[in-house]
Amino acid sequence: MTNGLAVKTIDLVKTFDGKEVIKNCNMTVHKGSIYGFLGANGAGKTTVFKMLIGLLIPNAGNIEILGLNRVDKENEILKNIGSIIETPMFYEHLSARENLEIHLSYMGILNSNIEGTLEMVGLKGTGKQPVSKFSLGMRQRLGIARAIIHNPQLLILDEPINGLDPVGIRQMRELFLELVKNHDMTILISSHILSEIEHIADTIGVIVDGQILEEVSLSSIKDKFLMD
Ligand SMILES: Nc1ncnc2c1ncn2[C@@H]1O[C@H](COP(=O)(O)OP(=O)(O)OP(=O)(O)O)[C@@H](O)[C@H]1O
Ligand SMILES: [Mg+2]
């Protein structure tokens with residue numbers, strides 16, 4: 018069925034008001050990896066992610082997700098993607114659990130494991146506490162809980178560590194590694210700061226002015242030079 022790739026884009030183009038903001042974008046994400054999508058503000062990270070999850074339609078090019086064509090297999094693909102795009106919004110006066118319950122009923126998802134998911138992201142002890150009292154890190158965790166509760170194969174996270182302190186970043190890194198190792202996920206994560214993702218990612222894709230200039234496998238460099 019699949020070819021070992023979680024995401025493959027070929028010559029993707031997106032135009033806004035006659036201006037090409039994504040230009041022949043070619044991205045290759047291997048299954049079971051953490052792919053860091055690095056680019057300055059306005060480089061096109063969110064726009065590419067929105068095309069991957071179907072929130073924007075490309076003007077040209079092709080997208081394959083989990084070996085399936087984006088256009089032909091829309092529903093099958095969506096079942097297997099979890100995402101956070103830009104800042105996740107919640108019902109502020111409700112608890113983490115209640116927010117997940119509303120999401121599940123809205124999505125028509127049955128038999129999901131709310132407690133297990135909250136435990137996985139480290140929010141199990143928050144009980145009835147409303148989201149309005151959550152720290153930034155806790156909100157990001159809840160966003161991730163909402164993105165993974167249907168057990169997707171591919172997780173797309175737009176700047177999930179933006180604004181977190183070093184401890185928060187380390188905890189996120191551990192969570193991402195756990196999701197990849199023990200839950201068979203592939204994670205695509207964007208950032209505009211290399212140091213935020215260089216220790217998390219297996220591969221870094223660098224996007225400049227709407228084009229991926231380079232995809233570098235950090236794991237191969239680390240293996241070669243015996244780095245941590
Ligand atoms: N709906 C839109 N209409 C017009 N232009 C847009 C739209 N969305 C994005 N753009 C433009 O496309 C370019 C890429 O924007 P995008 O949001 O994808 O960048 P980004 O890499 O996610 O940036 P950031 O790090 O600030 O989140 C920018 O020049 C932006 O102004
Ligand atoms: Mg963005």
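Residues in the sequence shown are numbered consecutively from 18, following this note's numbering. We treat Cβ as the ideally placed atom computed from N, Cα and C, and that holds for glycine.
In the three-state reduction of the DSSP assignment, His-120 falls in the helix class, which pools H, G and I.
The nearest non-hydrogen atom of ligand 1 is 7 angstroms or more from the C-beta of Asn-92.
A Cβ-Cβ contact shorter than 8 angstroms links Gly-53 with Ile-206. The beta carbon of Leu-211 is closer than 7 angstroms to those of Leu-55 in its chain, skipping five residues each way along the sequence.
The DSSP-derived three-state label of Ser-208 is strand. With contact defined as three or more Cβ pairs closer than 8 angstroms, the segment 89-102 and the segment 157-168 are in contact.
Residue pairing by DSSP places Glu-93 in no beta bridge whatsoever. Rounded to the nearest whole angstrom, the C-alpha separation of His-47 and Ile-80 is 14 angstroms.
Neighbourhood of ligand 2, defined by CB distance below 7 angstroms to any of its heavy atoms: Lys-62, Thr-63, Glu-103, Asp-175, Glu-176 and Ser-207, in chain order.
Linking Leu-29 to Met-106 through their CA atoms gives a straight-line distance of about 29 angstroms. Assigned with DSSP and collapsed to three states, Leu-135 falls in helix. The DSSP-derived three-state label of Gln-188 is helix.
Distance from the C-beta of Gly-56 to the nearest heavy atom of ligand 1 is below 7 angstroms. Counting the other CB atoms within 10 Å of its CB gives Ile-74 a total below 16, which places it among the exposed residues. Contact annotation: the segment 82-89 does not touch the segment 148-161, with fewer than three C-beta pairs closer than 8 angstroms. Taking 8 angstroms as the cut-off, the beta carbon of Ser-149 is found no closer than this to the beta carbon of Glu-176.
Beta-bridge pairing by DSSP links Glu-231 to Val-223.
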